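The sequence shown maps to residues 6 to 255 in our numbering. Using N, Cα and C, we set each Cβ at its ideal position, and we do this for glycine too. Keep in mind it's a predicted model, so treat the numbers as computed, not measured.
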Amino acid sequence: LTDERQFMFQQLLAEFVDQGLAFYYSYVWMEAARSFETAAKYDPDCALAWWGLSKSCEKWGKAAYAPPLKKAQELMPQANEREQRLIKARLQEKGLIEGIKVEDRKKEAIKTLDELIALYDDDEEAWFARAQLTDGPNAQVPYFKALLRINPKHPGAHHELVHQYENIRRPVLGWPHAEGYVNSSPGIPHANHMQAHLAMRIGKWDRTADRSFHAIELHDAYQKQMNVPPADDWQFNHHLETLMQALIHD
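If you want it as structure tokens, here you go:
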């Protein structure tokens, strides 16, 4: 490839990886898997694409996560140091590195991610992955807030903080993150739905109805464009449920 074509190729590859992460942050597991799989087809040697595919397949639950993770492991020598540590942490967590006791898997993964953050404290995926390995109702919050200092528009951090504050029944504290989430991902149905989810808990019923209806519009368009049967997509029915609650209240 010429230098120009190589640059365009790398840009396209990065776009599919970024798209996969965006869908992953919004629990659109099927599309996250599709995006990472497309990235891996463009460049079968992209370790991060296989890592992302593994994470997405696990959440989706309709494809095995171990094969793409093992592929990422094979490609680790070609990855940069940040990517190597992300992959290593996931391998440790899932018990795919020999010599680690079952009860020590999570501890070793945490140790690897802490090392990654110590070396590269601007690594967004490290902070996000580290938050996922915490225990306790509020343990994730400091990690997501640290991530927002690096990237104030990070959709995954905003999304998870909405859930955090909803779960501890402090929805007012979560409202700025509901707005941050929808502002960072306006075309994602789930982002609109989550703002509606929180709005009903603080009496913003007009916002609940408006955002729920928009989420349904976006989701309906997505299903038609991508030919996705409603049975394969759990989120649509939940959008309808939230809209009905808002309309009944009105």
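Any chance you could list the beta strand (DSSP E) runs of at least 3 consecutive residues sitting entirely within the segment 161-220, in chain order? none
Quick check on I92: does DSSP put it in helix, strand or coil? Position 87 of the sequence shown, counted from the start, is the residue given in the question as residue 92. Residue state, collapsed to three classes: helix.
Run through DSSP, which three-state label would P82 get? Against the sequence shown, residue 82 aligns to sequence position 77. P82 falls in the helix class under three-state DSSP.
Please confirm whether K158 and N188 have their CB atoms less than 9 Å apart. Locating residue 158 in the sequence shown gives position 153, counting from the first residue. Locating residue 188 in the sequence shown gives position 183, counting from the first residue. Yes. Within cutoff.
Is the beta carbon of L80 closer than 9 Å to that of Y47? Start at 1 with the first residue of the sequence shown, and residue 47 comes out as number 42. Start at 1 with the first residue of the sequence shown, and residue 80 comes out as number 75. Result no, Cβ atoms of Y47 and L80 do not sit closer than 9 Å.
How many whole angstroms separate the CB atoms of H202 and T247, which I take to be in contact at a CB cut-off of 8 Å? Here the question's residue 202 lines up with position 197 in the sequence shown. Here the question's residue 247 lines up with position 242 in the sequence shown. Indeed, because the Cβ distance is near 6 Å, the residues count as touching under 8 Å.
By Cβ distance below 8 Å, which residues in the same chain neighbour H243 in space, the five residues on each side in sequence not counted? Numbered from 1 along the sequence shown, position 238 holds the residue referred to as residue 243. Result list for H243: H198, in chain order.
Expected contact under 8 Å - CB spacing of T110 and Q97 to nearest Å: On the sequence shown, residue 110 is found 105 positions in, with the first residue counted as 1. On the sequence shown, residue 97 is found 92 positions in, with the first residue counted as 1. Reading off the sequence, residue 110 comes out as Arg, not Thr. At roughly 6 Å, the Cβ-Cβ gap stays under 8 Å, so R110 and Q97 are in contact.
From the DSSP output, in three-state form, read off N242 for me. Mapped onto the sequence shown, residue 242 falls at position 237. Helix, per DSSP.
Measuring CB to CB, does G4 end up less than 9 Å from L223? This structure cannot speak to residue 4, because the chain is shown only from 6 to 255.
Tell me whether V33 sits in a helix, a strand or coil according to DSSP, three-state version. Here residue 33 refers to the residue found at position 28 when the sequence shown is read from its first residue. In the structure shown, V33 sits in coil (DSSP, three-state: anything other than H, G, I, E or B).
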